[in-house]
Amino acid sequence: MFDKRKLKNALRYYCYHQSRTLGLLIEHFNLNDYRYAILGGFVRKILNYKRSRSINVKDIDIVIDLPKSEIKHILRHYKIKFILNDFGGFKILPDPEDTFTTKIDLWSMDDHYPFKYGLLKKSWKNLSKSSWISLDSAVWIPKSNKLYARLCKKSLKKREVNLTVPLDKLTTFNVPFKGNLFGKVIHYVEDEDFKLNESLREAL
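With my numbering applied, the sequence shown covers 47 to 250.
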């Protein structure tokens, strides 16, 4: 169902034809043999893309196994402008030379909210659960060409949306972005014609 070659081709295209900023970052990561993951809607949309349909990728989320201080050093070295996002990562600001309108968010693995606050055990595989929503739970690690997308595949096949962790766990940890999370769930149901998973419907 999912062809990982699409991810390689898409990343290459965006780096070399759309975004100087993304190209600088990915080139630096690869040259230094850093392990990083691209996750969320970007991965799902590229993998699920059909040539007969248009694709609209709004953002790309990257998690890298580097300290936050090292990421900041890299961004400043390349004179990449950024601000801190709401969840402990870096929001990359547009470069005047970029034709790439997709937003870039970059996190340290250690500072990724679900790992930092103990909602999930830190691991590359668990990154797929850190999106909280099954349709966004796709993670690709370019270095090893490893793809974690079981829950995402299941949701696409059944045309249903679910959470990647039980609702009561999110409530217990008082996750601060629950409003945004359920806003996305509503978007998938009302705008993209997905249905709620039965267990999620009962919990709500």
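Ideal placement from N, C-alpha and C gives every residue a C-beta, glycine not left out. Note that the structure is predicted; figures quoted are calculated from it, not measured.
Coarse secondary structure for residue i, derived from DSSP in three states
i	result
serine 98	Legend: pLDDT at serine 98 = 37, less than 50; position of this residue unreliable, value from coordinates given subsequently. DSSP places serine 98 in coil when its eight states are reduced to three.
leucine 213	helix
serine 174	helix
valine 235	helix
alanine 195	coil
lysine 31	Because the chain spans 47 through 250 in this model, residue 31 falls outside it and cannot be assessed.
leucine 202	helix
glutamate 244	helix
phenylalanine 128	strand
valine 103	coil
leucine 4	This structure does not reach residue 4, given that the chain is present from 47 up to 250, and the question cannot be answered.
tyrosine 60	helix
C-alpha gap between residue i and residue j, whole angstroms
i	j	result
lysine 91	phenylalanine 48	11 Å
histidine 63	leucine 71	14 Å
phenylalanine 228	tryptophan 178	10 Å
serine 100	isoleucine 108	In this prediction, serine 100 has a pLDDT of 48, which is less than 50 and means its spatial position is unreliable; nothing more can be read from the coordinates.
leucine 154	isoleucine 110	In the sequence on display, residue 154 carries serine and not leucine. C-alpha separation (whole angstroms): 5 Å.
lysine 230	aspartate 237	10 Å
tyrosine 124	lysine 215	40 Å
lysine 127	isoleucine 120	11 Å
leucine 156	leucine 166	One detail in the question is off: residue 156 reads as aspartate in this sequence, not leucine. Roughly 12 Å between the two C-alpha positions.
aspartate 141	threonine 67	7 Å
glutamate 206	asparagine 94	15 Å
lysine 241	isoleucine 232	10 Å
aspartate 239	arginine 122	43 Å
tyrosine 82	cysteine 61	15 Å
lysine 50	leucine 193	8 Å
isoleucine 138	lysine 200	32 Å
glutamate 116	glycine 69	18 Å
tyrosine 80	lysine 118	15 Å
Anticipated Cβ contact below 8 Å, residue i with residue j, distance rounded
i	j	result
glycine 135	aspartate 151	5 Å
asparagine 208	serine 245	7 Å
aspartate 105	threonine 148	6 Å
leucine 57	leucine 173	Not really, about 17 Å apart at Cβ, beyond 8 Å.
serine 169	threonine 210	The pair is not a contact, with the Cβ atoms about 14 Å apart (cut-off 8 Å).
leucine 53	valine 89	7 Å
aspartate 144	serine 65	5 Å
Is the region 157-164 touching the region 181-194 in the sense that three or more CB pairs, one from each, lie closer than 8 Å? no
Unbroken stretches of the beta strand (DSSP E), 3 residues or longer, contained in the region 134-170: 136-138, 149-154
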